[in-house]
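**Student:** If you scroll down you'll find the structure; I have some questions about it.
Protein chains in written order, with this note's numbering: chain A, 1 to 629; chain B, 1001 to 1150.
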């Protein structure tokens, strides 16, 4: 079948589903949806439909982003606007079948908004809400819209059109289109993707490889998983286009073993692409052949580094190659020319080819074109995945899209770029998001983790947390990284314990520069960024720990103490009963007391104490207890 | 064990490049990588035993001790950390009576931590086998564990 015929058939199937007489119930069942209970909601819909004898199709889709609203269900009634429902429960499922599928009341109080052109009175269009208005969905174009297990849904929405067009172009023209788009590598480094593709094309050798880096190991980032789970074919199509552009016949997707659903979605998508003739021998009747293998990563953060990743596929320890070394595009996997890009970079390629470089560069800034995807998490109201034009400010992201700080808290810092990034304070909230501005502020774009912190987050503890991570993940071959991260961590641990010394801050800075300068790969070179950025912007917190033995955020256990306020304690005994170390004594209806010698600062008493009493107080430094007592 | 091992290894004779998938498949079949399996893998692939061990010990996924029937992974991602993952870990350790890296005496659970599950918006969370339990409080941990059948 020709591409035009495949596309026509797929569009027919898609149109029938969209414009048919049967209502659709569209449920987001990516990992986040499932964790929030989407599968139970599907079951509840099925039961209710059966019981009431109502006809409807249930379609499973990926994630459209607003994780805070999961489980998310869209209902499309024939001729009506598609309505998105948030935080759907089993009970709501039954209610929706009654009120909206059988009746005609869309229950506006349950909705997030409407999707598409049509509107319903009393419900806003999702794209007009503050959370979505600044967004621009490109890499996420299909996520949460199409059924990721149905290749026809992808085909009907511009899918494989980029490949079809690319196969009619010269390899040079494909590379040129990528170059002109200005797309920079979305894995975090920000290297111009077109230049990498050009190097791959120019590299000499009959055997070349295309490798997709889906080893998303940054704690705090999960967009690659969402793209694979929600739109696997876009990644596969991007890889095939790349294979054609550089003259490779084999591709590998290196994907984390911790993402079982993503792996299953890829396996299925690859099989379907074979069946339709987009993978395998003589793709779409040309003499270009390409195949893709999935390689489940075995759990090593350093394998996100390109040379470590290729060694890992070869079955070796994933230790970055020592400089001077050839570029991966010249000698990568099995020492053959290898084009290695991130999931989002490959997923961007089909639309660049289909719609053109100018279209792609029409949003973003001059040096950072297109959109950026962030995993907005931490102490923010609207957690989730967002896609925004480059150049938007941190403030717009956190306060407009993110809806501000959770639980009425106060903003303190935002951490971008994962363990290689930095923490930025309130004064830098108007920093525009692009590779160069974030770099100048002492952080990085990285893979797009964005963790918001409030005044209950201790910045010394955050630095310690990241060093704990990099120290474990250091592969160990560069001494400054292996031992330097350990020393940094030990000093930070001491400070958190109240054992910090006056000279520690200087020492941390000096050591940070040594680790940076003495490591061959990105992990070591950036490992100290969380330390440097927190010292730069939150020096007073370090000083409070060191000089006053005080943790202002009341996080570092050795520096805090809990005690019960006499005038507020009603003697309900809840705290005493839940204390894991039996440190609380007191009789019913009488004031309770915490034995400071036994207390392990777990905070369970504070959590258990009913809000109306709020009798448990946390203080720092510990000596404050004496003052109160 | 020998038969299961040879069945898993049969397609990999001499496949030095497939070491990681081999280790993954053997672990999936047996649950961990006992000495016997490591030696057999070396023989099948033709790699030195030291090399098989060097690779297996480099990656967090591989275990050299038997595991419980279920694995609990407490996420220590950044989002989970700022939302109290440490307390969740402590509570899980307390509820199971073991610490991170150990297996309960009845071999029901093995407790581990993971750098990030990727459910950051639902932090803090843990993963029990393939199920993610989200938005946890320390209180919920024992409720979840108590509510689980074999």
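Here a beta-carbon is modelled for each residue, glycine too, at the ideal position from N, C-alpha and C.
So, under 8 angstroms CB-CB, residue 244 of chain A and residue 211 of chain A are touching, yes? Tell me the CB distance rounded to an integer number of Å.
**Tutor:** That pair is no contact at about 15 angstroms.
**Student:** Residue 502 of chain A and residue 546 of chain A - do their beta-carbons sit closer together than 8 angstroms?
**Tutor:** Closer than 8 angstroms, so yes.
**Student:** For residue 1069 of chain B and chain A, any beta-carbon pair shorter than 8 angstroms?
**Tutor:** Taking Cβ atoms only, chain A never reaches closer than 8 angstroms to residue 1069 of chain B, which makes this a no.
**Student:** What do you get for residue 196 of chain A, buried or exposed, if any count of 16 or more other CB atoms within 10 angstroms of its CB means buried?
**Tutor:** Looking at its Cβ environment, which holds 16 or more other Cβ atoms inside 10 Å, residue 196 of chain A is buried.
**Student:** Tell me the rounded alpha-carbon separation between residue 113 of chain A and residue 455 of chain A.
**Tutor:** Approximately 32 angstroms between the Cα atoms of the pair.
**Student:** What residue range does the beta strand (DSSP E) around residue 551 of chain A cover?
**Tutor:** No beta strand (DSSP E) contains residue 551 of chain A, which DSSP labels as neither H nor E.
**Student:** Taking just the CA atoms, how far does residue 71 of chain A sit from residue 536 of chain A?
**Tutor:** So the two alpha carbons sit approximately 40 angstroms from each other.
**Student:** By how many angstroms is the C-alpha of residue 569 of chain A removed from the C-alpha of residue 648 of chain A?
**Tutor:** Shown here, chain A extends from 1 to 629; a query on residue 648 of chain A therefore has no answer.
**Student:** Using the rule of at least 16 other Cβ atoms within 10 Å of the residue's Cβ for burial, across every protein chain shown, is residue 430 of chain A buried or exposed?
**Tutor:** With fewer than 16 other Cβ atoms within 10 Å, it is exposed.
**Student:** In or out: residue 182 of chain A buried (at least 16 other Cβ within 10 Å) or exposed?
**Tutor:** Classification for residue 182 of chain A: buried.
**Student:** Name the DSSP bridge partner or partners of residue 239 of chain A?
**Tutor:** Partner(s): none; residue 239 of chain A has no beta bridge.
**Student:** Going along chain A, which residues have a C-beta under 8 angstroms from residue 1005 of chain B?
**Tutor:** Simply none; closest approach about 19 angstroms.
**Student:** How many angstroms separate the CA atom of residue 174 of chain A from the CA atom of residue 138 of chain A?
**Tutor:** Roughly 20 angstroms between the two C-alpha positions.
**Student:** Give the residues from the region 290 to 303 of chain A that approach chain B closer than 7 angstroms (Cβ to any Cβ), ordered along the chain.
**Tutor:** So the list reads 296, 298, 299, 300, 301, given in the order they occur along the chain.
**Student:** To which residues of the same chain is residue 1120 of chain B closer than 8 angstroms at the C-beta, ignoring the five residues directly before and after it?
**Tutor:** Within the same chain, residue 1120 of chain B has close Cβ partners 1077, 1078, 1079, 1080.
**Student:** Return the chain-ordered list of same chain residues with a C-beta closer than 7 angstroms to the C-beta of residue 493 of chain A, the five sequence neighbours on each side being excluded.
**Tutor:** Contacts found: 464.
**Student:** Please check if any C-beta of chain B sits within less than 8 angstroms of the C-beta of residue 587 of chain A.
**Tutor:** Chain B contact via Cβ: absent.
**Student:** Go through its chain and collect everything with a Cβ distance to residue 482 of chain A's Cβ below 6 angstroms, but skip five positions before and after it.
**Tutor:** So the qualifying residues of the chain are 474, 476.
**Student:** Going by other Cβ atoms of all chains shown within 10 Å of its Cβ, with 16 needed for buried, is residue 415 of chain A buried or exposed?
**Tutor:** Classification for residue 415 of chain A: buried.
**Student:** Tell me the DSSP bridge mates of residue 214 of chain A?
**Tutor:** DSSP output for residue 214 of chain A lists A/255 as bridge partner(s).
**Student:** What separation, rounded to the nearest whole angstrom, lies between the Cα atoms of residue 1070 of chain B and residue 1087 of chain B?
**Tutor:** Each residue's alpha carbon lies about 21 angstroms from the other.
**Student:** With a floor of 4 residues, list each alpha helix (DSSP H) that falls wholly inside the region 31 to 75 of chain A, ordered by position along the chain.
**Tutor:** Within the region 31 to 75 of chain A, the complete alpha helix (DSSP H) runs of at least 4 residues are 31 to 35, 38 to 52.
**Student:** Select from the region 448 to 477 of chain A all residues with a C-beta closer than 7 angstroms to any C-beta belonging to chain B, and list them in chain order.
**Tutor:** Residues 449, 451, 453, 457, 465, 469.
**Student:** Counting pairs of beta carbons, one from the region 184 to 193 of chain A and one from the region 267 to 278 of chain A, are three or more of them closer than 8 angstroms?
**Tutor:** Not touching, per the Cβ criterion.
**Student:** Are residue 1082 of chain B and residue 453 of chain A closer than 8 angstroms when you measure CB to CB?
**Tutor:** Yes. Within cutoff.
**Student:** Mind listing which residues of the region 250 to 261 of chain A have their C-beta closer than 9 angstroms to chain B's C-betas, in chain order?
**Tutor:** Hits within the stretch, in order: 256, 257, 258, 259, 260, 261.
**Student:** Assuming residue 599 of chain A and residue 383 of chain A make a contact with CB atoms under 8 angstroms, what is their CB distance in whole Å?
**Tutor:** Not confirmed; about 32 angstroms, so no contact.
**Student:** In this structure, does DSSP put residue 1129 of chain B in helix, strand or coil?
**Tutor:** Coil, per DSSP.
**Student:** Please classify residue 620 of chain A as buried or exposed, where buried requires at least 16 neighbouring CB atoms within 10 angstroms.
**Tutor:** Residue 620 of chain A comes out buried.
**Student:** Going by alpha carbons, who is nearest to residue 1043 of chain B out of B/1124, B/1019, B/1029?
**Tutor:** If we check each option's Cα against that of residue 1043 of chain B, B/1019 comes out closest.
**Student:** Tell me which residues of the region 1113 to 1142 of chain B have at least one Cβ-Cβ distance to chain A shorter than 9 angstroms, keeping chain order.
**Tutor:** Answer in chain order: 1114, 1115, 1116, 1117, 1118, 1119, 1120, 1121, 1122, 1123, 1125, 1127, 1130, 1131, 1132, 1133, 1134, 1135, 1137, 1138, 1139.
**Student:** Relative to the alpha-carbon of residue 1053 of chain B, which residue among B/1068, B/1037, B/1012 has its alpha-carbon at the smallest distance?
**Tutor:** For the residues B/1068, B/1037, B/1012, the minimum Cα distance to residue 1053 of chain B belongs to B/1037.
**Student:** Which residues in the same chain as residue 155 of chain A place their Cβ atom closer than 7 angstroms to its Cβ, once the five residues preceding and following it in sequence are excluded?
**Tutor:** Here the set comprises 6, 7, 10.
**Student:** Using a Cβ-Cβ cutoff of less than 7 angstroms, which residues in the same chain neighbour residue 1107 of chain B once the five nearest sequence positions on both sides are dropped?
**Tutor:** 1068, 1069.
**Student:** Determine whether the Cβ of residue 415 of chain A lies closer than 8 angstroms to any Cβ atom of chain B.
**Tutor:** Judged by the 8 angstroms Cβ criterion, residue 415 of chain A is in contact with chain B.
**Student:** I need the straight-line Cα distance from residue 1072 of chain B to residue 1063 of chain B, nearest angstrom please.
**Tutor:** Those two C-alpha atoms are separated by around 14 angstroms.
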